[in-house]
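K.L.:
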Amino acid sequence: MKDRILQIKEYIDKKGKITLHELECAFPKVSSMTLRRDLNQLEEQDMIIRISGGAISVNTVLRAKEEDFSERSTFNAQEKIEIAEKAVSLLEPDSCIFIDSGSTTTYFARALPDENFYVLTNAMTIAETILRKEKPKVAFLGGDLRRHNFITVGSSCLNFIDNVNVQTAVMTATGFVSETGSFTCGMQSEAEVKQKIIEKADYVIMLVDSSKVNKKSTYTFATLKNIDCMVVDKNFPKDLKEKIEKDGVKVY
3 MKDRILQIKE YIDKKGKITL HELECAFPKV SSMTLRRDLN QLEEQDMIIR
53 ISGGAISVNT VLRAKEEDFS ERSTFNAQEK IEIAEKAVSL LEPDSCIFID
103 SGSTTTYFAR ALPDENFYVL TNAMTIAETI LRKEKPKVAF LGGDLRRHNF
153 ITVGSSCLNF IDNVNVQTAV MTATGFVSET GSFTCGMQSE AEVKQKIIEK
203 ADYVIMLVDS SKVNKKSTYT FATLKNIDCM VVDKNFPKDL KEKIEKDGVK
253 VY
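For the sequence shown, the working numbering gives the first residue as 3, with consecutive numbering after it.
Dropping the structure here:
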């Protein structure tokens, strides 16, 4: 049986995505019921993702995620590097920090000094980046794992946050609406986690590259009154920076 399941996994990895009918044709001597059980076992082992009528290889999903992240991370890369370097200078030594998911915060995670920070995150990309260093400790927030962006959300994640103390939250947004001073993202469940972290944190740093200005997503999770400072790049509108600082939020 193990050999058959391994063969099925290799077949799905090669195809990327298959239907049950394709699997039945590829393994004609195996009953449909047995193939369904094999798919269930592979899903339990996190080897595949079941979809209606078939399955997708996890390796295919991970490759797609890496390609998507690579594309996003290289957009405005110099601006994100600039923001990350300024943001790490604002941290207190040996502090507990939450790092939000996103390409800009991933640059921040890379720039984080290899010191005794205690890092909380709900993003697998961030956790992996920090774990490449020797000294920081990492706590990954439990919860429901979102397949398309590999972050945890949901009630378990929110309950986890209830029991932690965050000195500094390093956040990012899909968009910043200058007229209302609102920070937005695309998912309600993600917005709930962001809101909860911001409520718990002693100090909130928002990283915003200039491409996010006046880009609006579906859910507002914070406004200027909820944060302590913004870190922006050199292309951020000067007049908007002055307006934000008049509203009492420091802009670096």
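Beta carbons are placed, not taken as given, at the ideal position from N, Cα and C, and that holds for glycine.
1) Which runs of the beta strand (DSSP E) at least 3 residues long sit entirely within the segment 105-145? Give them in chain order.
2) Just to confirm the assignment, what range does the beta strand (DSSP E) spanning M173 have?
3) Determine, using beta-carbon pairs with one atom in the segment 147-164 and one in the segment 205-216, whether at least three such pairs fall under 8 angstroms.
4) Just verifying my parser: in three-state terms, what is the DSSP assignment at L22?
5) Do N124 and T154 have their beta-carbon atoms positioned less than 8 angstroms apart in this structure?
6) Verify whether the separation of the beta carbon atoms of T107 and V172 is less than 8 angstroms.
7) Indicate whether C159 and G145 have their beta-carbon atoms separated by less than 8 angstroms.
8) Is the CB-CB distance between L44 and I7 below 8 angstroms?
9) If you drop the 5 nearest sequence neighbours on each side, which residues of the same chain put their C-beta closer than 6 angstroms to that of F238?
10) Under DSSP, the alpha helix (DSSP H) around F162 begins and ends at which residues?
11) So, helix, strand or coil for L93, using DSSP?
12) Do G156 and S103 have their CB atoms nearer than 8 angstroms?
13) Give the range of the alpha helix (DSSP H) segment to which L242 is assigned.
14) If you run the structure through DSSP and keep just helix, strand and coil, what is M35?
15) Please tell me whether F110 and V168 are closer than 8 angstroms, where the distance is taken between their beta carbons.
16) With DSSP run on the structure shown, which of helix, strand or coil describes A203?
17) If you count every other CB in all the chains shown that lies within 10 Å of the CB of A79, and 16 or more means buried, which is it?
18) First and last residue of the beta strand (DSSP E) that includes Y327?
19) Given that a residue counts as buried once 16 or more other Cβ atoms are within 10 Å of its Cβ, and exposed if not, what is C27?
20) Given a cut-off of 8 angstroms on the beta-carbon distance, is the pair T272 and K218 in contact?
21) When the Cα atoms are used, what is the spatial distance from N90 to L114?
22) DSSP state of K252, grouped into three classes?
P.N.:
Let's see:
1) List check, beta strand (DSSP E) in window: 120-123 and 139-142.
2) As a working mapping, residue 173 is identified with position 171 in the sequence shown. T170 to T174 is the extent of the beta strand (DSSP E) around M173.
3) Result no; under three Cβ-Cβ pairs closer than 8 angstroms.
4) Numbered from its first residue, the sequence shown carries residue 22 at position 20. Look at L22 here: in three-state DSSP terms it is helix.
5) For this step, residue 154 is matched to residue 152 along the sequence shown. For this step, residue 124 is matched to residue 122 along the sequence shown. Their beta carbons are under 8 angstroms apart, which means T154 touches N124 by this criterion.
6) Sequence index remark: in the sequence shown, residue 107 carries index 105 (1-based). Sequence index remark: in the sequence shown, residue 172 carries index 170 (1-based). The answer is yes: Cβ separation under 8 angstroms.
7) Locating residue 159 in the sequence shown gives position 157, where the first residue counts as 1. Locating residue 145 in the sequence shown gives position 143, where the first residue counts as 1. Yes, the Cβ-Cβ distance between C159 and G145 is below 8 angstroms.
8) Sequence index remark: in the sequence shown, residue 44 carries index 42 (1-based). Sequence index remark: in the sequence shown, residue 7 carries index 5 (1-based). A distance below 8 angstroms separates the beta carbons of L44 and I7.
9) Locating residue 238 in the sequence shown gives position 236, counting from the first residue. So the qualifying residues of the chain are S212.
10) For the purposes of this step, residue 162 is taken as residue 160 along the sequence shown, with counting starting at 1. For F162, the enclosing alpha helix (DSSP H) stretches over residues S157 to D164.
11) On the sequence shown, residue 93 is found 91 positions in, with the first residue counted as 1. Of the three classes helix, strand and coil, the one that applies to L93 here is coil, per DSSP.
12) As a working mapping, residue 156 is identified with position 154 in the sequence shown. As a working mapping, residue 103 is identified with position 101 in the sequence shown. Contact annotation: G156 and S103 have beta-carbon atoms that are not nearer than 8 angstroms.
13) Taking the first residue of the sequence shown as position 1, residue 242 is located at position 240. Its alpha helix (DSSP H) spans residues K240 to K248.
14) Within the sequence shown, the letter at position 33 stands for residue 35. In the three-state scheme derived from DSSP, where H, G and I count as helix and E and B as strand, M35 is classed as helix.
15) The residue you call residue 110 lines up with position 108 of the sequence shown. The residue you call residue 168 lines up with position 166 of the sequence shown. For F110 and V168, no; Cβs fall outside 8 angstroms.
16) Within the sequence shown, numbered from 1, the residue matching residue 203 stands at position 201. DSSP places A203 in coil when its eight states are reduced to three.
17) On the sequence shown, residue 79 is found 77 positions in, with the first residue counted as 1. Exposed: under 16 other Cβ atoms inside 10 Å.
18) No information on residue 327 is available, as it lies outside the stretch 3 to 254 that the chain covers here.
19) Taking the sequence shown and counting its residues from 1, the one referred to as residue 27 is at position 25. Residue burial is scored here from C-beta neighbours: C27 has fewer than 16 other C-beta atoms within 10 angstroms and is therefore classed as exposed.
20) Absent from the model: residue 272. The displayed extent of the chain is 3 to 254, so no value can be given.
21) As a position in the sequence shown, residue 90 is number 88, starting the count at 1. As a position in the sequence shown, residue 114 is number 112, starting the count at 1. Residue 90 is actually Val in this sequence, not Asn. Rounded to the nearest angstrom, the two C-alpha atoms are 6 angstroms apart.
22) Along the sequence shown, read from residue 1 onward, the residue named residue 252 stands at position 250. Residue state, collapsed to three classes: strand.
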